[in-house]
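Q: Residue numbering for the sequence shown follows my numbering, starting at 41 and increasing by one per position. Let me give you the structure first, and then I'll get to my questions.
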Amino acid sequence: MATTRITPDMIHGEVAPGFEEVQTAFHENFIKRKELGAACAVYYQGQKVVDLWGGIRDHRVGLPWEEDTMILVFSTTKGMASMCMALAHSRGMLDFEKPVADYWPEFAENGKENITVRQLISHKAGLCAIDEPLDFEALADPDKVAAALAKQAPLWEPGQAHGYHGLTLGWYEGELIRRVDSQHRTIGQFFQDEIAKPLELEFYIGLPKEVPSSRIAYIKGYPRWKMLFNLDKMPRNFVKGMFNPKSITARTFSNPKVLGIIPNYNRREMQEIELPAANGIGQVRSIARAYGAFAMGGKELGITDATMKELIEPASTPPDGLMDLVLRMPTTFSLGYCKPSSAMQFGSSNKAFGTPGAGGSFGFADPGEGIGFAYAMNRSGFYLIDDPREKSLRDAVYACVKQLKNQTV
Numbered sequence: 041m042a043t044t045r046i047t048p049d050m051i052h053g054e055v056a057p058g059f060e061e062v063q064t065a066f067h068e069n070f071i072k073r074k075e076l077g078a079a080c081a082v083y084y085q086g087q088k089v090v091d092l093w094g095g096i097r098d099h100r101v102g103l104p105w106e107e108d109t110m111i112l113v114f115s116t117t118k119g120m121a122s123m124c125m126a127l128a129h130s131r132g133m134l135d136f137e138k139p140v141a142d143y144w145p146e147f148a149e150n151g152k153e154n155i156t157v158r159q160l161i162s163h164k165a166g167l168c169a170i171d172e173p174l175d176f177e178a179l180a181d182p183d184k185v186a187a188a189l190a191k192q193a194p195l196w197e198p199g200q201a202h203g204y205h206g207l208t209l210g211w212y213e214g215e216l217i218r219r220v221d222s223q224h225r226t227i228g229q230f231f232q233d234e235i236a237k238p239l240e241l242e243f244y245i246g247l248p249k250e251v252p253s254s255r256i257a258y259i260k261g262y263p264r265w266k267m268l269f270n271l272d273k274m275p276r277n278f279v280k281g282m283f284n285p286k287s288i289t290a291r292t293f294s295n296p297k298v299l300g301i302i303p304n305y306n307r308r309e310m311q312e313i314e315l316p317a318a319n320g321i322g323q324v325r326s327i328a329r330a331y332g333a334f335a336m337g338g339k340e341l342g343i344t345d346a347t348m349k350e351l352i353e354p355a356s357t358p359p360d361g362l363m364d365l366v367l368r369m370p371t372t373f374s375l376g377y378c379k380p381s382s383a384m385q386f387g388s389s390n391k392a393f394g395t396p397g398a399g400g401s402f403g404f405a406d407p408g409e410g411i412g413f414a415y416a417m418n419r420s421g422f423y424l425i426d427d428p429r430e431k432s433l434r435d436a437v438y439a440c441v442k443q444l445k446n447q448t449v
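Okay, structure coming up:
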């Protein structure tokens, strides 16, 4: 095993004047919080003000995290994929209030004919699990995935409650994009053409074969049993559910089986297929850049005021309340995004929206302050939200913004 000792010369990047506190927090993550390799980037009022990276990108051989290193960000991918839904709404391709079956007739099977697009992409449809076994070959075929999704019956009355659609959300979004796009592009291709290229992002949902694996940080995960020794870091009922195969929690994450183990995401064949809820790979500064564009209203991409209004509005509470039937904690969701809640405070107001990823990554937009934030790392932590490494950086950003505003008063 190669050494994983981090030295000061392995931490790089720059911050704009006034954001030095973020740089200090980034360094402290390596000293105090066992950071292995990571990057953090922030856009403020349309300008990049934080761009930091450092540590080790592959602990097996001790390779350093470099300026162009990319990282798989698990569910932080959901936020990037959901930008495609927002763009489709702005272009009149999707109406959030219409039944999904209006765009995808086969979806109506098993009592799903009245589920709206809004309910589906806000984790309220009861479609967090897939009963039909899916192997790796099926996952690489959008038609086979869509057929399995269309057959699925809801696990609760749609709209009555909500629960995190941990893996399925991206596939449902992907099939909707294929159905409404005149070119019938996959969501990965749609994202590249309509969001990544205009914003000059290096972020992929489905890694192109020409991108060398040497540029991708290797994720140091953990076996599931270690959850039992970290109950102070995640909801106890979530952990209990993960070990009960009949629970909604376990059913959500048990199929496809190949996706249930974090180290599997290091496999090249896993990275090249499109998992729009879980396997986005890119530079962290690209995530911040995209959220920064949305934080400033999305005009660069043609996002309309009507769509932005939808994104910044507070999430509605299901009749059964905010208890997430999958994560077993209070959550709030809207249009593919997490929204600020009592359990997960982020941004300056309820206008913020974003998604965290397994292990500790997070990306979000704060239109109230014009902030686009992104952090990702390759040593997986156990927190579902507010990983101390990420939160220390986020808190430092807002402390800097507050100080800058006070100076101009």
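Backbone N, C-alpha and C define an ideal beta-carbon position, used for all residues, glycine too. Every value quoted in this text rests on a predicted model; they were computed, and no experiment measured them.
Can you give the Cα-Cα distance for Lys249 and Gly361, rounded to whole angstroms?
A: Computed Cα separation, rounded: 44 angstroms.
Q: Enumerate in chain order the residues of its own chain whose CB-to-CB distance from Lys184 is below 7 angstroms, with the five nearest sequence positions on each side excluded.
A: Answer for Lys184: Ala178, listed in chain order.
Q: Using three-state DSSP, classify Ser503 as helix, strand or coil.
A: Look at the range of the chain in this structure, 41 to 449, and you will see that residue 503 is not part of it.
Q: What residue ranges within the stretch 359-427 form continuous beta strand (DSSP E) runs of no fewer than 3 residues, ordered along the chain?
A: With a minimum length of 3 residues, the continuous beta strand (DSSP E) runs that stay inside the stretch 359-427 are 393-396, 402-406, 411-417.
Q: Given a cut-off of 8 angstroms, decide if Pro316 and Gly214 are closer than it, judged by their beta-carbon atoms.
A: Yes. Within cutoff.
Q: Which whole-angstrom value is the C-beta distance of His205 and Leu167, which I expect to be below 8 angstroms?
A: That belief holds up - the Cβ atoms of His205 and Leu167 are roughly 6 angstroms apart, short of 8 angstroms.
Q: In its own chain, which residues sit with a C-beta less than 6 angstroms from the C-beta of Ile46, not counting the 5 before and 5 after it?
A: The answer, listed in chain order, is Phe70, Gly95.
Q: Going by DSSP in three states, Glu54 sits in which element: helix, strand or coil?
A: Three-state result, Glu54: strand.
Q: Starting from Gly119, follow its DSSP beta bridges and name the residues at the other end.
A: Gly119 pairs with nothing; no bridge assigned.
Q: To test your reading of the DSSP string, which unbroken alpha helix (DSSP H) runs of 4 or more residues are found completely within the stretch 120-162?
A: Fully enclosed alpha helix (DSSP H) runs of 4 or longer: 157-161.
Q: What residues in its chain sit with their C-beta under 8 angstroms from that of Met41, if we drop five residues either side in the sequence?
A: Any reading at Met41 must be qualified, since the residue scores a pLDDT of 48, below 50, and its modelled position is unreliable; the value itself is stated next. Excluding residues within five positions, the ones whose Cβ falls inside 8 angstroms are His99, Arg100.
Q: So the alpha helix (DSSP H) Tyr212 belongs to, where does it begin and stop?
A: First-last of the alpha helix (DSSP H) with Tyr212: 208-220.
Q: Short of 8 angstroms in beta carbon distance, which residues of its chain neighbour Asp426, apart from the five on each side in sequence? Order them along the chain.
A: Contacts found: Met384.
Q: Per DSSP, Lys88 is paired with what?
A: According to DSSP, which records beta bridges pairwise, Lys88 is partnered with Tyr83.
Q: Can you name the residues that DSSP bridges to Tyr244?
A: Bridge partners of Tyr244: Ile321.
Q: Can you name the start and end residues of the alpha helix (DSSP H) that Asp49 belongs to?
A: Neither: Asp49 is in no alpha helix (DSSP H) and is coded neither H nor E.
Q: Between the Cα of Ile97 and the Cα atoms of Met310, Ile256, Gly228, which residue gives the shortest distance?
A: In the sequence as displayed, the identity of residue 97 is Arg instead of Ile. Per the Cα distances, Ile256.
Q: Could you check what DSSP says for Arg343 in three-state terms: helix, strand or coil?
A: In the sequence under discussion, the amino acid at residue 343 is Ile, which differs from the Arg named in the question. In this structure, Ile343 counts as coil in the three-state DSSP scheme.
Q: For the pair the stretch 389-407 and the stretch 223-236, tell me if three or more CB-CB distances fall below 8 angstroms.
A: No, the stretch 389-407 is not in contact with the stretch 223-236.
Q: Mind checking which residues open and close the alpha helix (DSSP H) that includes Asp233?
A: Taken as a continuous stretch (DSSP letters only), Asp233 belongs to no alpha helix (DSSP H), as it is neither H nor E.
Q: Rounded to whole angstroms, what is the Cα-Cα separation between Leu367 and Arg291?
A: Using only the alpha carbons, I get a separation of about 12 angstroms.
Q: Does Met41 come out as helix, strand or coil in the three-state DSSP assignment?
A: A caution first: Met41 carries a pLDDT of 48, below 50, which makes its placement in the model unreliable, though a value can still be read off. Three-state DSSP puts Met41 in coil, outside helix and strand.
Q: Return the CA-CA distance between Asp49 and Gln63, expressed in angstroms with no decimal places.
A: Distance between the alpha carbons of Asp49 and Gln63 is about 14 angstroms.
Q: Give the straight-line distance between the Cα atoms of Cys378 and Thr395, rounded to the nearest whole angstrom.
A: Rounded to whole angstroms, Cys378 to Thr395 spans 6 angstroms at the Cα level.
Q: Which residue or residues does DSSP assign as beta-bridge partners of Lys72?
A: Answer is none; Lys72 lacks a bridge partner.
Q: For Glu240, does the count of other Cβ atoms within 10 angstroms reach 16, so buried, or fall short, so exposed?
A: Classification for Glu240: exposed.
Q: Which whole-angstrom value is the C-beta distance of Ile343 and Leu127, which I expect to be below 8 angstroms?
A: Indeed, because the Cβ distance is near 7 angstroms, the residues count as touching under 8 angstroms.
Q: According to DSSP, Gly102 sits in a beta bridge with which residue or residues?
A: Partner(s): none; Gly102 has no beta bridge.
Q: My guess is that Leu209 and Ala169 are in contact by the Cβ rule of under 8 angstroms, so how many angstroms apart are they, rounded?
A: 12 angstroms between Cβ atoms; not a contact.
Q: Check each candidate in Met363, Ile411, Glu353, Lys260 and name the one with the smallest Cα separation from Val82.
A: Of Met363, Ile411, Glu353, Lys260, the residue nearest in Cα terms is Ile411.
Q: On the premise that Tyr415 lies in contact with Ala78, defined as a C-beta separation below 8 angstroms, what is that separation, rounded to the nearest angstrom?
A: About 7 angstroms separates the two Cβ atoms, so the contact holds.
Q: Under the criterion of a Cβ to heavy atom distance below 7 angstroms, does Lys442 qualify as lining the ligand NAP?
A: Among the components of this structure there are no ligands whatsoever, and the ligand NAP is therefore not found.
Q: Which residues in the same chain have their Cβ closer than 8 angstroms to the Cβ of Leu76, if we skip the five residues on either side of it in sequence?
A: If we look at Leu76 and ignore the five residues flanking it on each side, its Cβ neighbours are Thr44, Ile46, Gly95, Ile96, His99, Lys260, Met417, Asn418, Arg419.
Q: Please go through the same chain and pick out, in chain order, the residues whose beta-carbon is closer than 6 angstroms to the beta-carbon of Ser374, but skip the five residues on each side of it.
A: Result list for Ser374: Ser162, Ala355, in chain order.
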